[in-house]
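Going by the working numbering, the first residue of the sequence shown is number 11, and it counts up by one from there. Quick reminder that beta carbons are idealized off the backbone N, C-alpha and C, glycines included. What you are looking at is a predicted structure, and each value in this text was computed from that prediction instead of being measured.
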Amino acid sequence: MDEKYKEYLQSEEWRKKASQIKSDKNHKCEICGNQILIEVIKIIKDPFRESALIEELNRFTETIEEKNWDKNKLIQVHHKTYENIYQENQDELACLCHPCHVFFHEATQGNHWKKAWDLTLLKVSDLCEEIEQLDKRDWRLQKIDFSIGLTEDPFPEPELPIHLFPEIDEDETDWESSDDPIEL
Ligand SMILES: [Zn+2]
Ligand SMILES: [Zn+2]
């Protein structure tokens, strides 16, 4: 990465451009629709989740945990091509989740970006198929609503019940009458 490009990625101009792309795309990964990202979160949250995916996706758990539900970090903007660098057209930039962004860069090694994009789509669609099969078998996931997106932790720690019973105002309770036999 040259210095000028590095500076550009730190600039206000790029920050604005990138956040515009992300909000245009609703913070959804263009490759997986956030399914891969959510799978990594499931792996983080569920030590019993078993799948062949775990090896493929485990390497993202630490980085994703560090991003601490910041959707602006979990979702990233990628340059498909550097042809118009600094004056990019909208379609030269892609909105990707962190794991798909890494997959895409791995696929770019020695490949044109269009080929790399197709390879990444293929890989991700295989992974998503596996995820769907896994979820079908996992009854624990059937109650969880994944449509909530990235604004909050989809697997919050369960809140401890503070009051198991509604508070009773003792002054107003007629304790004596409660012992009366009930007439039917
Ligand atoms: Zn993705
Ligand atoms: Zn990139």
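Based on the DSSP output, what are the partners of residue i in its beta bridges?
i     : result
Ile85 : Cys107
In chain order, what residues of the same chain have a beta carbon less than 8 Å from the beta carbon of residue i, not counting five sequence neighbours either side?
i      : result
Asn68  : Ile53
Arg25  : none
Phe70  : Val50, His108, Pro109 and Val112
Tyr96  : Tyr18
Leu131 : Ile41
Pro171 : Annotation note: pLDDT 46 at Pro171 (below 50); position unreliable, coordinate value reported separately. For Pro171, where only same-chain residues beyond five positions count, there are no Cβ hits under 8 Å.
Lys146 : none
Glu98  : Lys27 and His89
Looking only at its chain, what residues have a beta carbon closer than 7 Å to the beta carbon of residue i, apart from the 5 residues adjacent to it on each side?
i      : result
Glu49  : Leu63, Leu67 and Ile141
Asp12  : none
Thr118 : Ala126
Gln86  : Leu106, His108 and His111
Glu180 : Note on Glu180: pLDDT 49, under 50, position unreliable in the model; the coordinate value appears next. Same-chain partners within the cutoff: there are none.
Glu72  : none
Quick one, are the C-beta atoms of residue i and residue j less than 7 Å apart?
i      : j      : result
Cys39  : Leu106 : yes
His108 : Lys81  : no
Val134 : Ile41  : yes
Gln45  : Cys110 : no
Leaving out five residues on either side along the sequence, give the residues of the same chain with a beta carbon under 6 Å from the beta carbon of residue i.
i      : result
Asp83  : For the record, residue 83 in the displayed sequence is Lys; it is not Asp. Once the five neighbours on either side are set aside, the close Cβ partners of Lys83 are Lys77.
Lys14  : none
Gln20  : none
Ala104 : Glu40, His88 and Lys90
ask   = So which residues touch the region around ligand 1, with touch meaning a C-beta under 5 Å from any heavy atom?
value = Cys39, Ile41, Cys42, Ile46, Cys107 and Cys110
key: Stretch-stretch touch, CB-based, cutoff 8 Å, three pairs: the region 114-134 with the region 87-96   = yes
At least three beta-carbon pairs within less than 8 Å, the region 117-133 to the region 22-32 = no
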